[in-house]
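Accompanying notes for the structure given below.
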Amino acid sequence: MDDESHDIVTTKKKRLPMYIIGHSMGGGIALRILQLLGKEQKDKTNAGKSSNYKNRKAVLDKSTNINQIDNDMIEDMISDNSVKHISNKRCITNSKNDGPGTSSASISATINASTSDDHEIRYNYLDDLNIKGCVSLSGMVRLKTSRNAGNKSFKYFYLPAFSFLSCVMPHKRTSSSRYKKSEYYANICKYDKFRNSDEIKYRNISECIKATVTLNGNIKYMPNDIPLLFVHSKDDTSCSYEAAHSFYNKANVHNKKFHPLDDMNHAITIETGNEEVLKTVIDWISDVRSNCEDEIEDE
């Protein structure tokens, strides 16, 4: 056995970045994931602010003089959720032993520390997943219609209509032959037995419409610090190009990009020209990673 001593160098492991990428319905799901995480973050933050306000108001209501706070009140404050994360409780409990005028500063510093600590804990949801970007490829923000219907038409006309049809004729299928396909994609569908047929159930259409209505109705919950990339063909006959571009414009996101495509249909990942789509995604992810590394170096 080798008795030589070896120096063990411990290095902090870097978390791998996560990029959410989805095509068609998957693109809508990718955007919806960010909305759910953003809503959870906002709800937690608002709950924390409300709790902190109530706790501080209770302290002020119990005593107008900060030096009159007794030990029972101190214990209540320590056991309360707003300060339960404080590791050094001595700054409160021993305040009576401090010099004149130091009690107020000590308690104030404690409350500020608890608020800061609680603030960090409530922001761990998106950080834990380490999501660095989201890519929507021909995303299903809204289905394509002949009249290019808007969000209100889908919500108040198409959704009730197809929900009714799905209940009355649950197994009835409607043909999707009107949606154009490239010759290459048509051959794949012809010989790939695992692909769905051209016929779609009314229930499927109803659920897709419901998903798009929910997605557009919750756009305010999109996290503004996660970069977005939209890649969509102008000639998409399945998912609306105009709706995707409108969603892009309305999304309050600092770093976002919309890449339009010409002479392609809906299946941009397998149609002729898909190499350009792949290159666009790779280049965008590379740019996002470079920007993240530059920000870390600046810090």
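To convert, note that position 126 of the sequence shown is 125 in numbering that gives the first Met the number 0; the numbers rise steadily by one, no gaps. Idealized CB from N, CA, C, for every residue including glycine.
Between the C-alpha atoms of Ser137 and Cys291, what's the straight-line distance to the nearest angstrom?
So the two alpha carbons sit approximately 26 Å from each other.
Would you list the residues sitting across from Tyr18 in a DSSP beta bridge?
Bridge partners of Tyr18: Gly132.
If we ignore side chains and look at the alpha-carbon of each, how far apart do Arg14 and Asn129 end up?
If you take the alpha carbons of Arg14 and Asn129, they lie about 7 Å apart.
Using DSSP with H/G/I as helix, E/B as strand and the rest coil, what is Pro259?
Of the three classes helix, strand and coil, the one that applies to Pro259 here is strand, per DSSP.
Which residues share a DSSP beta bridge with Cys238?
Within the DSSP bridge table, the entry for Cys238 names Leu142 as partners.
Per DSSP, which one or two residues make a beta bridge with His231?
Its beta-bridge partners are Pro259.
Grab me the residues of Lys171's own chain with a C-beta within less than 8 Å of its C-beta, minus the 5 sequence neighbours each way, in chain order.
Same-chain partners within the cutoff: Leu164, Lys200, Tyr201.
Can you give me the start and stop residues for the alpha helix (DSSP H) that Ile187 sits inside?
Segment 182-190, the alpha helix (DSSP H) holding Ile187.
Taking the alpha carbon of Ile267 as the point to measure from, which residue in Lys256, Gly21, Pro16, Ala210 has its own alpha carbon closest?
Comparing alpha carbon positions, the residue from Lys256, Gly21, Pro16, Ala210 closest to Ile267 is Gly21.
Quick check on Cys133: buried or exposed, where buried means 16 or more other Cβ atoms within 10 Å of its Cβ?
Counting Cβ neighbours within 10 Å, Cys133 comes out buried, since at least 16 surround it.
Using 10 angstroms around the beta-carbon of Ile225, count the other beta-carbons present and answer buried if the total reaches 16, otherwise exposed.
Burial state of Ile225 is buried, judged by a 10 Å Cβ sphere holding 16 or more other Cβ atoms.
Between Arg146 and Ala242, which are expected to be in contact by the criterion C-beta below 8 Å, what is the C-beta distance as a whole number of angstroms?
Actually they do not touch by this definition, with Cβ atoms about 13 Å apart.
Report all residues from its chain with a CB closer than 6 Å to the CB of Lys151; omit the five preceding and five following residues, and keep chain order.
So the list is empty, once near-sequence residues are dropped.
Apply the 10 Å Cβ neighbour rule to Leu35 and answer buried if 16 or more other Cβ atoms are within range, or exposed otherwise.
By the 10 Å Cβ count, Leu35 comes out exposed.
Considering Cα atoms alone, identify which of Lys192, Phe193, Thr211, Gly216 is closest to Tyr157.
Looking at the Cα atoms, Thr211 is the closest of the given residues.
Kindly confirm or deny that the stretch 251-266 and the stretch 216-236 touch, where touching means at least three C-beta pairs closer than 8 Å.
Note that the stretch 251-266 touches the stretch 216-236; at least 3 beta-carbon pairs, one per stretch, sit closer than 8 Å.
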